[in-house]
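Enquirer: Handing you this structure, nothing more for now.
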Amino acid sequence: MSITVPKVRVPYLLLFPGFAFLFTFFILPIVNLAQTSTQTPIAGGDTGQYEQSFAFSNYIHAFLDNREQFARSFIYATLATVFALAIAYPLAYAIAFKSGKFKNILLVLVVAPFFTSFLLRTIAWKQILGEEGFLVPTLRNLHLLGQQTTITSTSVAVVAGMTYNFLPFMTLPLYASLERIDPRTIEASGDLYANGITTFRRVTVPLSMPGVVAGTLLTFIPAAGDYVNASILGSPNTKMIGNVIESRYFKIVDYPTAAALSFTLMAAILILVTLYIRKAGTEELV
Amino acid sequence: MSTKIKDATIPTIPFKARLSRWFGRNLLRIYMIFGFTYLFIPVAYTFAFSFNDSGKSNLIWKGFTLNNWQNPCGAPQICNALGNSIKIGFLATTFATILGTMIAFAIGRYQFKGRSSSNLLIFLPMATPEIVLGASLLSLFLVFKINPGFWPTVIAHVMFCISFVVVTVKARIASLDPRLEQAAMDLYANELETFRRVTLPLVAPGIAGAALLAFSLSFDDFIITNFNSGTLITFPKFVYVAAARGIPAQANVIGSSMFFLALAIVIAGQLVNRRKAR
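Residue numbers (this note's numbering), protein chains in the order written: chain Z, 22 to 307; chain G, 504 to 781.
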């Protein structure tokens, strides 16, 4: 691979500044978070003052009090990931194989909505689907929607918003792995009398698995920790674990519980991701 | 008589079959049109409502005006927020691109002890939800009695952008033809010259792409920023806070401008690449 015969130290020198930075501002905070998560309030202290007491019961309380929000986060994130995959796969397939000379332009168009602030786009959805928008009254007049039924402030809106917002993260890795497929493998499958569907199922899909894995991870992970979609498009009944962590931090100043929740979320995601990568059988991720 | 002959020579395909064949052939194209419409609905909505003569809350269409575009700073605090976002974006992009590119060269170019754990360290921040990154960093700042604000936000952005830079630049390094560098060495260029005159120019588009990605991630970030910025207002924070009362149309102007600006940069980049390829 490397054509030069470098001094052994060169890679370490290159790594040092970046890794020192990541160590200080990523690893150290996580360690500190673990520490915070077992603290308890100082007796007679002000709100927001805590002392180290290795109270692992914080975890039990944090989890039991918020198991509904935990469950909701993982269900919503899973649904959003599945929908995003269903929408993005044909899109990426069409761009990779059927777009000819427009390939680059179409690829730019997939990423382009990303450049309008995602908050603005989410709020745009809220207004389009909201009571004052034109869609809901029209659907009601056509009796496709009950007079009392709303779209916003429901779990449907939250999942739809998440699906929309993470779509580019799904489409790009899918496209990258589909585009890399050697067209000769697909031709070969046809030569061996496989029809289009069999070729797609037995050749194209297995070859695009690295993209599927990368795309689902890049969608699922941020979706599970998201609270912006739930707070803009949802209601108190659609609160996710992110909403709880956020309010524990800022409104209640309950750092230990927020830390315990964050840590539980991170651990749950890491376990799921590890199992998923094992199952999907792709070790080469980054 | 004559009609019968016609029927015999040109078999007419029933309309239904023709329709289904046409659909079969164009299904993916139709799908693409729907897909892109879905992607662009909120963008178009945001753009359209940037022309709304709305007053304070931009909820209902009240009439066409160019006032918002002529006076994008009209809403209180909005240009202050935009300025902060741009400053933070530039600083975070610069640091993250430099640090990330160095790591990408180390991992992409050298075999060394600890290479796979280095890969893991790069992967981990991407596998951690933003809210955990933001909350944990804030806890650290609080422990060291550092008040959240401008520099803590820059640090936070550099931290989460580095991994994306590494992955993007590494992909470009991996796609390089090693023979080009060998050729340079054969022509008596030393290591440094080879790097400066051959390797770096070849990797440059990857670095530029990574920088653009880092800037857009930083500019659009809300969750991590919300934790570490304290009272500092950035553009996404402005939008989030304003959303409760109704967003001023000026926010739509800025959002749309960013969209067109980014599109112009990407298209210009593509054109430059194409000219180079010729």
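Don't be surprised by glycine CBs; every beta carbon is placed ideally from N, CA and C.
None of these values were measured; they are calculated from a predicted model.
Residues in the same chain with beta-carbon distance under 6 Å from Z:ILE108, minus the five sequence neighbours each way, listed in chain order, please.
Expert: Closer than 6 Å at the Cβ level, and outside the excluded window around Z:ILE108, lies no residue.
Enquirer: Excluding the five sequence neighbours on either side, which residues of its own chain have a C-beta within less than 8 Å of the C-beta of G:THR506, listed in chain order?
Expert: Interpretation of G:THR506 is limited by its pLDDT of 48, a score under 50 that renders its predicted location unreliable; no figure is taken from the coordinates.
Enquirer: Per DSSP, what kind of secondary structure is G:PHE647 in: helix, strand or coil?
Expert: Coil.
Enquirer: Decide yes or no for the touch test of the segment 69–86 of chain Z against the segment 223–241 of chain Z: beta carbon pairs closer than 8 Å, at least 3 of them.
Expert: No, they do not touch.
Enquirer: Does the CB of Z:THR25 have a neighbour CB from chain G at under 9 Å?
Expert: Confidence at Z:THR25 is low in this model, with a pLDDT of 49, below 50, so the placement of that residue should be treated as unreliable; the coordinate-derived value is given next. Chain G contact via Cβ: present.
Enquirer: For G:ALA788, return the contacting residues in chain Z, with the cut-off set at a CB-CB distance below 8 Å.
Expert: Residue 788 of chain G is absent from the model: chain G starts at 504 and stops at 781.
Enquirer: Answer yes or no: does any C-beta atom of chain G fall closer than 9 Å to that of Z:ARG88?
Expert: Not one chain G Cβ lies under 9 Å of Z:ARG88.
Enquirer: Relative to the C-alpha of Z:GLY151, which candidate in Z:PHE139, Z:LEU165, Z:THR170 has its C-alpha closest?
Expert: That would be Z:THR170, whose Cα lies nearest to the Cα of Z:GLY151.
Enquirer: For a contact defined as C-beta to C-beta under 8 Å, what are the partners of G:SER719 on chain Z?
Expert: The contacting residues are PHE135, PHE136.
Enquirer: Does DSSP classify Z:GLN70 as helix, strand or coil?
Expert: In this structure, Z:GLN70 counts as coil in the three-state DSSP scheme.
Enquirer: Taking G:PRO708 and G:ARG682 to be in contact with their CB atoms under 8 Å, please state how far apart those CB atoms are, rounded to whole angstroms.
Expert: The Cβ separation is near 19 Å, so there is no contact.
Enquirer: Would you call the segment 581–595 of chain G and the segment 727–742 of chain G in contact, with 3 or more CB pairs under 8 Å?
Expert: The segment 581–595 of chain G, when compared against the segment 727–742 of chain G, does touch it at the 8 Å Cβ threshold.
Enquirer: Return helix, strand or coil for G:ASN555, following the three-state DSSP convention.
Expert: In this structure, G:ASN555 counts as strand in the three-state DSSP scheme.
Enquirer: Is there a C-beta anywhere in chain G that falls below 9 Å from the one on Z:THR143?
Expert: So, interface residue.
Enquirer: Tell me the residue span of the alpha helix (DSSP H) that contains Z:GLN169.
Expert: Element bounds for Z:GLN169: n/a, residue is neither H nor E.
Enquirer: State the Cα-Cα distance for the pair Z:MET22 and G:ARG612, rounded to the nearest angstrom.
Expert: Below a pLDDT of 50, predicted positions are generally treated as unreliable, and Z:MET22, at 47, falls in that range; the measurement from the model is reported next regardless. Their backbone Cα atoms lie some 7 Å apart in a straight line.
Enquirer: So for G:GLN580, helix, strand or coil by DSSP?
Expert: It is coil, neither helix nor strand.
Enquirer: Assuming contact is defined by CB atoms lying nearer than 9 Å, are G:GLY772 and G:LEU679 in contact in what I supplied?
Expert: No, the pair does not count as a contact, with Cβ atoms beyond the cut-off.
Enquirer: Hey, is Z:GLU153's beta-carbon within less than 9 Å of any beta-carbon in chain G?
Expert: Yes, Z:GLU153 lies at the interface with chain G (some Cβ there is under 9 Å from its Cβ).
Enquirer: Quick check on the DSSP output: the alpha helix (DSSP H) that includes Z:THR102 runs from which residue to which?
Expert: Per DSSP, Z:THR102 belongs to the alpha helix (DSSP H) from 88–119.
Enquirer: Hey, G:ARG699 and Z:LYS119: beta-carbon distance below 9 Å or not?
Expert: No, the Cβ-Cβ distance between G:ARG699 and Z:LYS119 is not below 9 Å.
Enquirer: When DSSP labels each residue in this structure, what does G:PHE539 get in the three-state scheme?
Expert: Of the three classes helix, strand and coil, the one that applies to G:PHE539 here is helix, per DSSP.
Enquirer: Does the beta carbon of G:GLN773 sit closer than 9 Å to a beta carbon anywhere in chain Z?
Expert: True, the Cβ-Cβ gap to chain Z drops below 9 Å.
Enquirer: Taking 9 Å as the threshold (beta carbon to beta carbon), is Z:LEU306 in contact with chain G?
Expert: Residue confidence is low: Z:LEU306 scores 47 on pLDDT, short of 50, so the model does not pin down where it sits. Its coordinate-derived value is still stated next. Yes, Z:LEU306 lies at the interface with chain G (some Cβ there is under 9 Å from its Cβ).
Enquirer: Give the straight-line distance between the Cα atoms of Z:ILE116 and Z:ALA209, rounded to the nearest whole angstrom.
Expert: Those two C-alpha atoms are separated by around 22 Å.
Enquirer: On a Cα-Cα basis, can you pick out the residue from Z:PHE271, Z:TYR114, Z:LEU85, Z:LEU49 that is closest to Z:ARG201?
Expert: It is Z:TYR114 whose Cα lies nearest to the Cα of Z:ARG201.
Enquirer: Measuring only the C-alpha atoms, how far is G:THR702 from Z:THR61?
Expert: The straight-line gap from Cα to Cα measures roughly 55 Å.
Enquirer: Can you give me the C-alpha to C-alpha distance between Z:PHE91 and G:SER721, rounded to a whole angstrom?
Expert: Their backbone Cα atoms lie some 28 Å apart in a straight line.
Enquirer: Listed in chain order, which residues of the segment 88–119 of chain Z have Cβ atoms closer than 9 Å to some Cβ of chain G?
Expert: The residues in question are ILE108, ALA109, PRO111, LEU112, TYR114, ALA115, ILE116, PHE118, LYS119.
Enquirer: Residues in its own chain within less than 8 Å of Z:PHE77 by CB, not counting five upstream and five downstream?
Expert: Same-chain partners within the cutoff: THR59.
Enquirer: With distances taken Cα to Cα, identify the nearest neighbour of Z:ALA294 among Z:LEU238, Z:SER138, Z:PHE46, Z:SER229.
Expert: The sequence as given places Val at residue 294 of chain Z; Ala does not occur at that position. Selected option, being the one with the closest Cα: Z:LEU238.
Enquirer: What did DSSP end up calling Z:MET22 once you bin it into helix, strand or coil?
Expert: Here Z:MET22 scores only 47 on pLDDT, less than 50, and its place in the model is too uncertain to base an answer on.
Enquirer: Apply the 10 Å Cβ neighbour rule to G:THR631 and answer buried if 16 or more other Cβ atoms are within range, or exposed otherwise.
Expert: So G:THR631 counts as buried.
Enquirer: Run down chain Z in chain order and give the residues with a C-beta less than 8 Å from the C-beta of G:SER621.
Expert: Residues of chain Z passing the Cβ test: LEU36, PHE40.
Enquirer: In whole angstroms, give me the CA-to-CA distance for G:ASN755 and G:TYR743.
Expert: Looking at the two C-alpha atoms, the distance is approximately 13 Å.
Enquirer: Any C-beta of chain Z within less than 7 Å: which residues of the segment 576–599 of chain G qualify?
Expert: Hits within the stretch: zero.
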